[in-house]
Amino acid sequence: MKPNRSLLVAVLALCSSAGALSMDAQTLLRRANEFRAGRPDTRIDVTVKALGADGAVSKERAYSVYTAEAGKTVVVMRSPSEVGQKVLMADEQFWMVLPNSQRPMRITPMQKLLGDASVGDIATSSWVGDYEVVGSAPHSCEARACEKLDLRAARPSVTYQRMVLIVDAVTAKPISADLYLQSDKLAKQARFTLGKSGSGESLQEMVFRDALANGKTTRISYGVAQKYSVPKTWLNPMGLIHSGQID
Amino acid sequence: MRRTGPWVRASRRLLVALACYGSAHAQDLTVGGDARLYLRSTTGTSGGPLSSAAQLDGDGSLLERGGGFWDGMLRLAHRHAVFSVAGTVDHVSHHGGGSSVRTARVLEGYVTGDAGAFKVFAGKRVVSWDVGYGFRPNDVVQSEYRHALVAPRLEGQVMLQADWYSERSSATVLAARQRDTGAPPAMDLHPEGIVAGRGYWNVDGNDLYLFLKAGRLSGISTGLAAVTVPSESTSLYGSVRTLEQRRTMTFASGPANAVGGLASSNPVLVTDAGRAWQGVIGATWTGPQRLSLIAEVWWDGLAPSATFWRDWQARNAQLRAMGGLGGPAAAYAGNLRWQATALEQRSLWRRNLLLRAAKKFDDLELSAEALAWIDGGGWMLTVGASQDLDRASLELRWRQSLGPQGGLARQLGGAGTLAAGVKVAF
């Protein structure tokens, strides 16, 4: 039987493009990550609004997020009912500090995930360090070409063990993500909105639909990132307790 | 009745100073606080000595029917100073009357700063160190009563403290004048000069602690604690402490052989006993459906022994029986009221098991908690609901004493207590 020449060419082209896609997918992930908040030595103010079924705001909370370096973040609660509370996230370990206590409470990734504030979602760790690209495919978005990246957590301690991330195929801007737990249960669906920030663009808003809590919607809005040198003592839970009043 | 102490007077001056400073540096000063209003109602009567005494002489003035409190807390915080004060009006309603107590307390008032590699604190501070939910044996500086139906506000200890931190460890040393404000008067605990220390290490994702305390009256105690998070949903923890000297309640010898079985003074005595140990192990689990579970078991060597409670029960039964036979009712009732002194201790039972389940529905949390006194002490069931609003929270809790009729749980206060409250933050 005579080989089908056009089929052979198509297969070779596919193999070649698969190799290229693998590289492109890594680049897309890295560039998508750069749009997100959480650059080293920054402080950013965040507002979290819980929305009811009618879209009305049922609860509003304010936070300040201090990022020291990749994977090391302190979240300080600013709302009156939570004032004085802090959460330290360091190397996928989590501690909560309550006011009037010298005791940092070690919390599990699930407790961090299910907290009122969705603290883990406010101060997400780096996609690049935490996830590996295991697949990618073109994805149809409205009026633009997108790429669907299938990501797996690089370590068991990462809160969302699988993520399906949709990014703009040309600019790498993150558009949406489906976030899965260790059990492969869909936990949340996120949509990203970018906005002008200085000379470029950065993440301005994330809208989460909580698949575990009857589709509850949470809108997370980011302010402008400011340069802030995070003291090393804050990254030790005992030191964070004694950090006192944080600006 | 109104109580103010030297700390309140001194703190007024500190408050004025902070207010003056704050007006000049308003951007550095944070002002916050909250107000709470709680009402409680006690239902049914227990089989305890107070009920028996009231049955004998008809005086129910020590049997609580209910009550409530209003309190407010103001907190001023600056980078180098913290000050918080609380005022409370507490009302208790008895069978045959009621009484109110107004209290003003300085909860914290301290200054802080850096001294070389150390962070130093001086003044009145809340210092809670240990791990655990229902029991924390290594809270050797700050004692918290962990089973109040409504959580009390913590009042700090006067101390000088120095901390040192590295990336994954820390050390704390402090000298304090320790005063156990929540201890019952019967325990006769005097303020004590102590020196205490805590070491902390984070090793391979596990938190490890070492504790040491030396007290002028209580001697030396040492402790260890650890917390680990083996999976995304589970945490395990444990804490153990040994102590050289413990205060414990005993019975004076021979009251049962006194004339008519009556004692002429309170037979429940507080004595210094020998070494003791305390320990707790526990686990938490949090599921994706916002269900969380806690299981904890602990041994508290500071609590009275089972033999103590057997003797106590026997003595109660003897007094009830003899009072019912036509003896001097007032005298037998008085003896029974002395017996109730034993129930004022912070920790009543040595072998304990606590199970707690809580489920969140948006901002509403429902919870159920069972504390079992293993080996015949009975148990207490607490169910609750709390609703978080934007600046306020509402809480409703019901506690019921259960178990065998002669069990210790059935001897406490009323059979059940309902507490309802609101807390508003500003």
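Protein chains in written order, with the working numbering: chain A, 150 to 396; chain B, 38 to 463.
Think of the CB as a built atom: it goes at the ideal place given N, C-alpha and C, for glycine as much as any other residue.
Just so you know, these numbers come straight off a predicted model, no measurement behind them.
Pull out every residue of the segment 423 to 445 of chain B whose Cβ sits closer than 9 Å to any Cβ of chain A, in chain order. Result list: 425, 426, 427, 428, 429, 430.
C-alpha gap between residue 233/A and residue 116/B, whole angstroms: When rounded, the separation of the alpha-carbon atoms in residue 233/A and residue 116/B is 13 Å.
So the beta strand (DSSP E) residue 158/B belongs to, where does it begin and stop? If you look at residue 158/B, you'll find it in the beta strand (DSSP E) that goes 155 to 162.
Is the segment 308 to 321 of chain A touching the segment 176 to 185 of chain A in the sense that three or more CB pairs, one from each, lie closer than 8 Å? Yes: at least three Cβ pairs fall under 8 Å.
Interface flag, residue 237/A vs chain B, CB-CB below 8 Å: So no, residue 237/A is outside the interface.
Measure from the alpha carbon of residue 167/B to the alpha carbon of each residue in 396/B, 390/B, 246/B, then state which is nearest. Of the candidates 396/B, 390/B, 246/B, the residue whose Cα lies closest to the Cα of residue 167/B is 246/B.
Which residues of chain A have a Cβ atom closer than 8 Å to the Cβ of residue 200/B, listed in chain order? The answer, in chain order, is 387, 388, 391.
Can you tell me whether residue 202/A is buried or exposed? The criterion is at least 16 other CB atoms within 10 Å of its CB, across all chains shown. When all chains shown are included, residue 202/A counts as exposed.
Quick check on residue 277/A - is its C-beta less than 8 Å from some C-beta in chain B? No, residue 277/A lies away from the interface with chain B (no Cβ there is under 8 Å from its Cβ).
My understanding is that residue 194/B touches residue 162/B, with C-beta atoms under 8 Å, so please give their C-beta distance in whole angstroms. Going by Cβ atoms, the distance from residue 194/B to residue 162/B rounds to 7 Å, so yes, they are a contact pair.
Would you give the residue range spanned by the beta strand (DSSP E) that residue 12/B belongs to? Examination of residue 12/B is not possible in this model, given that chain B is present from 38 through 463 alone.
Where residue 283/B sits in the DSSP three-state scheme: Residue 283/B falls in the strand class under three-state DSSP.
Measure from the C-beta of residue 462/B to each C-beta in chain A and report whether the shortest distance is under 8 Å. Using a Cβ-Cβ cut-off of 8 Å, residue 462/B counts as an interface residue toward chain A, since at least one Cβ of chain A sits closer than that to its own.
May I ask you to report which of helix, strand or coil DSSP gives residue 378/B? Helix, per DSSP.
Output yes if chain B places a C-beta closer than 8 Å to the C-beta of residue 384/A; else output no. At least one CB atom of chain B sits nearer than 8 Å to the CB of residue 384/A.
For a cutoff of 8 Å on Cβ pairs, would you count residue 325/B as touching chain A? Closer than 8 Å: yes.
Going by beta carbon distance, what residues of the same chain come within less than 7 Å of residue 313/B, once the five residues before and after it are set aside? The residues are 280, 283, 338, 339.
Endpoints, beta strand (DSSP E) assigned at residue 336/B: Start and end: 328 to 337.
Buried or exposed: where does residue 432/B fall if 16 or more other Cβ atoms within 10 Å of its Cβ makes it buried? With 16 or more Cβ atoms within 10 Å of its Cβ, residue 432/B is classed as buried.
Roughly how many angstroms separate the alpha carbons of residue 185/B and residue 176/B, rounded to a whole number? Those two C-alpha atoms are separated by around 17 Å.
For residue 356/B, which residues of its own chain have a beta-carbon under 6 Å away from its beta-carbon, when the five flanking residues on both sides are left out? Shown here for residue 356/B: same chain residues with a beta carbon closer than 6 Å to its own, the five before and five after excluded, namely 369, 372, 373 in chain order.
Extent of the continuous beta strand (DSSP E) run through residue 235/B: For residue 235/B, the enclosing beta strand (DSSP E) starts and ends at 229 to 240.
Would you mind giving the Cβ-Cβ distance between residue 332/A and residue 343/A, rounded to the nearest angstrom? I have them listed as a contact below 8 Å. Not really, about 31 Å apart at Cβ, beyond 8 Å.
Is it buried or exposed for residue 391/A, if we count other Cβ within 10 angstroms and need 16 for buried? With 16 or more Cβ atoms within 10 Å of its Cβ, residue 391/A is classed as buried.
Let's test the definition: count the other Cβ atoms within 10 Å of the Cβ of residue 171/B and tell me whether it reaches 16, buried, or not, exposed. Looking at its Cβ environment, which holds 16 or more other Cβ atoms inside 10 Å, residue 171/B is buried.
Since residue 461/B contacts residue 434/B with CB under 8 Å, what's their CB separation in whole angstroms? Incorrect: roughly 18 Å between the Cβ atoms, too far for contact.
Go ahead and pull the three-state DSSP assignment for residue 217/B. Of the three classes helix, strand and coil, the one that applies to residue 217/B here is coil, per DSSP.
Within 8 Å, do at least three Cβ pairs link the segment 390 to 409 of chain B to the segment 417 to 427 of chain B? The segment 417 to 427 of chain B is in contact with the segment 390 to 409 of chain B.
For the candidate residues 323/B, 450/B, 298/B, 249/B, whose alpha-carbon lies nearest to that of residue 271/B? From the listed residues 323/B, 450/B, 298/B, 249/B, the smallest Cα separation to residue 271/B is found for 323/B.
Counting pairs of beta carbons, one from the segment 202 to 219 of chain A and one from the segment 308 to 316 of chain A, are three or more of them closer than 8 Å? Under the three-pair Cβ rule at 8 Å, the segment 202 to 219 of chain A does not count as touching the segment 308 to 316 of chain A.
C-beta contact flag for residue 68/B and residue 113/B at 8 Å: Going by C-beta atoms, residue 68/B is nearer than 8 Å to residue 113/B.
On the three-state DSSP scale, how would you describe residue 308/B? Strand, per DSSP.
Below 7 Å on C-beta distance, what does residue 166/B contact in chain A? 251, 252, listed in chain order.
Validate contact between the segment 262 to 270 of chain B and the segment 190 to 209 of chain B using beta carbons, cut 8 Å, 3 pairs: Contact between the segment 262 to 270 of chain B and the segment 190 to 209 of chain B is absent, because fewer than three Cβ pairs lie under 8 Å.
Classification of residue 314/A by the beta-carbon crowding that lies within 10 angstroms, buried from 16 upward: Under this definition residue 314/A is a buried residue.
Mark residue 77/B as exposed unless 16 or more other C-beta atoms lie within 10 angstroms of its C-beta, in which case mark it buried. Label assigned to residue 77/B: buried.
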